Structure formats: C-alpha cells, structure tokens
Amino acid sequence: MRYDSDLTDKEWSIIEPIFTKAKKGKHLQKHSKRELVNAVRYLNKTGCQWRMPPKDFPNCQTVHSFYRRAVKNGLWEKMTDLLVQMTRLCLVPK
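Numbering-wise (our numbering), the sequence shown opens with residue 1 and increments by one.
Written as structure tokens, this is what we have:
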C-alpha cells in the first residue's frame, strides 16, 4: 500500500546514499531502508502511536530501533536537511 507520507522515487534517489553504506561480507536485512524511512515518516505525519502502525509496515520494535540508530548516528538529521534543501530549491516534487 502507498501512503501520502511515502518517499517518492526522486526523494529516495537523493537520500539513498545516506542510508546505504558498503558493508564487507553478507549483511542480511529483512526490511529495506526505504521501507523503514517510510514507516517513520508515516508515524510522524499522522501522529500514529509507535506501537500501532498499519500492518503493512515492519513491526514497531524494528521501526523504532532503526529510527533511534539513525538519530544517534546523525543520519536522520542529514536526511531531513537534504530533503528540506532540495524542496526549497524545487528539486523534489511535492
């Protein structure tokens, strides 16, 4: 299902490098970073409680853990700053 808060393909292409780092060896990941970012954006946009996201998102512990690590590592701030800059320059469609 698609939500209004989901990243567009253009937005994702801009911020994807922030969340994808080359890792040595195999790194198994059940959920894509885009899916996790979309889940956090949905929670933020709608005011939905962390423990009550729609069933098509990853479970709440996974989303919260991803968000907490992204904030701690400064990735979330980099992402939002970049999206704000691109929006102000009219490079990201609304």
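Where is the CB? At the ideal position from N, CA and C, for every residue including glycine.
Computed from a predicted structure; not experimentally measured.
When Lys78, Thr46, Lys33 are compared, the shortest CA-CA separation from serine 5 is found for Thr46.
Between the alpha carbons of tryptophan 50 and alanine 39 lies a distance of about 10 Å. It is roughly 25 Å from the alpha-carbon of threonine 87 to the alpha-carbon of arginine 68. As the crow flies, the alpha-carbon of proline 53 is around 8 Å from that of asparagine 59.
Its chain contains Ile18 as the residues whose beta carbon lies nearer than 7 Å to that of lysine 78, once the 5 sequence neighbours on both sides are disregarded; these appear in chain order.
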